[in-house]
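All letters in the sequence shown, in the order written, are residues 1276 to 1949 by the numbering used here. Glycine included, each C-beta is placed from N, C-alpha and C at the ideal position. Fair warning: this is a prediction, and the values are worked out from it, not measured in the lab.
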Amino acid sequence: MKSILKTGLVLLVFLLLINYTGYTQCTTLGQNPSTAFPVCGNTIFRQTTVPLCSSNKLFVPGCSGSGNADYENRNPFWYKFTCYQSGTLSFVITPLIFAEDYDWQLYDITGKNPDDVYTDRTIIVTGNWSGSYGATGATGNGLDFIQCASSPNENWPTFAKSPNLIAGHEYLLLISHFTDTQSGYDLSFAGGTAVITDPTEPHLASAKADCDGRKITVKLNKKMKCASLDGSEFSLSPAVATVTGVNAVNCSSSFDFDELVITLSAPLTNNNYQLIIGNGTGTNTLLDNCDRNIPVNEQVPFQYLTPQPIFADSIGRVGCAPDMLKVYFPKRINCASIAADGSDFAIIGPGAVTISGASGNNCINGLTDYIIVKLSSPISVKGNYQLRLKAGNDGTVVIDECGQQTPTQTLSFTAVDTVSATFSYSNDMDCKYDTLYFSHNGAHDVNSWNWKFNTTTSTSQNPVIVWPAASSNTAELIVSNGVCADTVKNTIILDNEVRASFDMPSIICPEDALKVTNASKGLIDQWQWNFAVSGTRAVKDPAPVAFPQTGIESFYTIKLVASNTSIQCSDSVSKIVRILNSCFIAVPTAFTPNGDGLNDFLFPYNALKAKDLEFSVYNRWGQLVFTTKDWQRKWDGKINGMPQPTGVYVWYLRYTHTDTGEKVLQKGTTTLIR
């Protein structure tokens, strides 16, 4: 049930909700998804009463917990409609008594069973479950999310943003009456841009007499209201019999119908007839859900002939790799006469086909419109095949609705090859960009190629694509021979661009060798290092290189050239190493921060091998004026941008020597001179 928090009113109501054990099952027409009211977009629906019932839990996106849903179709009515033109849907639910709470949720049930609303969370479009009283629905400026359960006095928004409907899709709208009264509401659709009113004008579609000529089955081109049928609308020409009864199919469990059965006072004789519809005693012909009537005196022709054996007239469209065939007949077939093992049928052709069974499709009153012949495995070999109807293991060929056995016969059909979208490619590598030549073999009559290369498309069988030589790409191909299709998608990583790179310290001590780490990428087969005065190396990972100890600070340029000789590509990178004159750590006794570029800063010289360093400077009053853990960070003789006066300053230096592991603590003074 909807969250108990929604009431939030008084303890009595709270206890009543906790003790709630469920209502009776919903049985009134319109209170279940399968019996929903058909909607005409220009009609205002008034439900004067709402029977109290509940039968299923509901999931509400963003509101229901991770366990069982805590919402339900409480005191519901359902409405069904089709979108005939894409656009937005707007509607208003107006309670007949203001202080009542209505909620709603919209589902897209295209290709689904209506009862999937209880199990399929992906078909939920939008909704509103606010506990606020009054009108609710969908408008252009409503919430773009579903409002969850709330207390009525919190006055949460009751309108959601008008959802976008898709032409050709079918929808179900649930209206749930949370307040436990039987008072009703008005439902009106207006303000949206989607068209949910069927533009088709109603007409008679066909008429067919039964085997003994005593009944006529009439099909309509669309659904018509059950309430508009009184049974006096029909007559025959020539009038060899009168209509004694009219029964609309499914009106006991639905609001509308598209098929009815007319009972005659006497059997028909062999002849051509016209079935005529008039106003009848109800002053109208049949009405559709928008109250549009079938034109008065509209006629539909049919013929009655004494039943004769019939032949199957066609095989349904054979798709890709079919694992069944649909066999159609001009009359319905007795389902009980179809051998379940499929022995009424045999198939011959270029590929071996084994029949595993046969059955009627959706047998109603023991009759089916067509037979499904099941195959033990899909047909994958192309060619012309023949389906033969024969006497099965029960001794007869199938029997039609008039009790006539169908003659043996042969029907032809054509199957096509299955296809594969597997493709190949070759790579003409270059320094910065590669040229890839894609190809598909076109086997099995493929005549359509749809490529997608990252964001580029092509319909060529063998396209050519240029990509960066260092890149990650996707190549997707969809092929078809007009019936069968296949898709293959591959990730193609190119990594042949030569990119020279290496890592090294920027400063070293004069007694230490320089260690370089190669970080180059791409297809590289040749390396050339230049270590300035220390010579060259032609290996990928050279050993550490020592430099001459001159006693003065020096700078050397280290260069790496990486090459690929097969595609004649190369790249180079250079870095400068600073070699200190000494790595003896010391703090100067004086410095002159006057900006002349000479001795302008105070810091521990050459502290390259000082680990966990701390350097602090204090003035003569013991005030900390500078501190750092980075030996290359220097004091400029200022505090907060203010130059400090000439004088003696005390410094402390702590560190651990990286070579010896010795912990060092030094203290000294330095004179600031201006």
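According to the Cβ coordinates, are A1854 and T1832 closer than 8 Å?
Contrary to the premise, residue 1854 reads as Ile rather than Ala in this sequence. Not closer than 8 Å, so no.
Can you list, in chain order, the residues of its chain whose CB lies under 6 Å from that of T1867, leaving out five sequence neighbours each side?
Once the five neighbours on either side are set aside, the close Cβ partners of T1867 are N1874 and I1948.
Pull up the distance between the alpha-carbon of G1922 and that of V1892, whole angstroms please.
13 Å
Suppose contacts are defined by Cβ-Cβ distances below 8 Å. Is A1744 in contact with D1705 by that definition?
Yes, the Cβ-Cβ distance between A1744 and D1705 is below 8 Å.
Is the stretch 1613 to 1623 touching the stretch 1700 to 1719, taking contact as three or more C-beta pairs under 8 Å?
no
Using DSSP's beta-bridge definition, name the partner residues of C1844.
Answer is N1839.
Would V1521 and L1495 qualify as a contact pair, given that the criterion is a beta-carbon distance under 8 Å?
no
My parser needs the beta strand (DSSP E) runs of 3 or more residues fully inside the stretch 1337 to 1385; what are they?
1351 to 1357, 1366 to 1370 and 1377 to 1383
Quick one: what's got a C-beta closer than 6 Å to F1878's C-beta in the same chain, skipping five residues either side?
Counting only Cβ-Cβ distances below 6 Å, and skipping sequence neighbours, we find K1909.
Going by DSSP, what residue range makes up the beta strand (DSSP E) through V1900?
V1900 -> beta strand (DSSP E) spans L1899 to T1903.
Mind pulling the beta strand (DSSP E) runs of 3 or more residues that sit fully within the stretch 1661 to 1725?
1684 to 1690, 1699 to 1703 and 1708 to 1714
Cβ atoms of G1797 and N1953: under 8 Å apart, would you say?
Outside the shown range of the chain (1276 to 1949) lies residue 1953, about which nothing can therefore be said.
Three Cβ pairs or more, each shorter than 8 Å: is that satisfied between the stretch 1396 to 1407 and the stretch 1430 to 1443?
yes
Hey, could you find the ends of the beta strand (DSSP E) A1745 is sitting in?
A1745 to S1755
For L1600 versus I1590, is the C-beta spacing smaller than 8 Å?
yes
Within 10 angstroms of its Cβ, does N1915 collect 16 or more other Cβ (buried), or is it exposed?
exposed
Give the secondary structure of R1774 by DSSP, where H, G and I count as helix, E and B as strand, and everything else as coil.
strand
Considering E1534, what are the terminal residues of the beta strand (DSSP E) in which it resides?
D1531 to L1539
Report yes if the C-beta distance between S1365 and G1466 is below 8 Å; otherwise report no.
yes
From the DSSP output, in three-state form, read off Y1603 for me.
strand
Among D1720, H1719, S1699 and I1585, the one whose alpha carbon lies nearest that of W1726:
Nearest of D1720, H1719, S1699 and I1585 to W1726, Cα basis: S1699.
For a test of the three-state rule: what should DSSP assign to S1618, helix, strand or coil?
Per DSSP, reduced to three states, the secondary structure at S1618 is coil, with no helix or strand assignment.
Just to confirm my understanding: we take E1534, look at its own chain, exclude 5 residues before and 5 after, and list those with CB closer than 6 Å. What are they?
K1494 and V1524
Under 6 Å Cβ to Cβ from S1723, same chain only, skipping five residues before and after it: list those, please.
Taken in chain order, the residues that qualify are S1755.
Work out the CA separation of A1865 and E1828 for me, nearest whole Å.
21 Å
Does the stretch 1344 to 1353 come close enough to the stretch 1554 to 1565 that 3 or more CB-CB pairs lie under 8 Å?
no
Every unbroken beta strand (DSSP E) inside the stretch 1405 to 1461 [3 residues or more]
Whole beta strand (DSSP E) segments, 3+ residues: 1411 to 1414, 1434 to 1436 and 1445 to 1452.
Grab me the residues of I1654's own chain with a C-beta within less than 7 Å of its C-beta, minus the 5 sequence neighbours each way, in chain order.
Taken in chain order, the residues that qualify are A1596, P1597, G1626, V1628 and A1690.
Taking only the alpha-carbon atoms, compute the straight-line gap between V1518 and G1459 and give it to the nearest angstrom.
40 Å
Could you check the C-alpha separation between V1392 and A1760 for me, to the nearest Å?
32 Å
In the DSSP assignment, find the unbroken beta strand (DSSP E) run with W1926 in it and report its ends.
Following the DSSP letters along the chain, one finds W1926 inside the beta strand (DSSP E) bounded by residues G1922 to H1932.
Member of S1857, N1894 and R1929 whose CA lies at the smallest distance from the CA of Y1880
S1857
Go ahead and pull the three-state DSSP assignment for V1763.
strand
Go through its chain and collect everything with a Cβ distance to T1903's Cβ below 7 Å, but skip five positions before and after it.
F1890
Taking contact to mean 3 or more Cβ pairs, one atom from each stretch, closer than 8 Å, check whether the stretch 1678 to 1688 and the stretch 1626 to 1646 are in contact.
Flag = no, the stretch 1678 to 1688 and the stretch 1626 to 1646 do not touch.
Under the three-state reduction of DSSP, which class applies to R1812: helix, strand or coil?
strand
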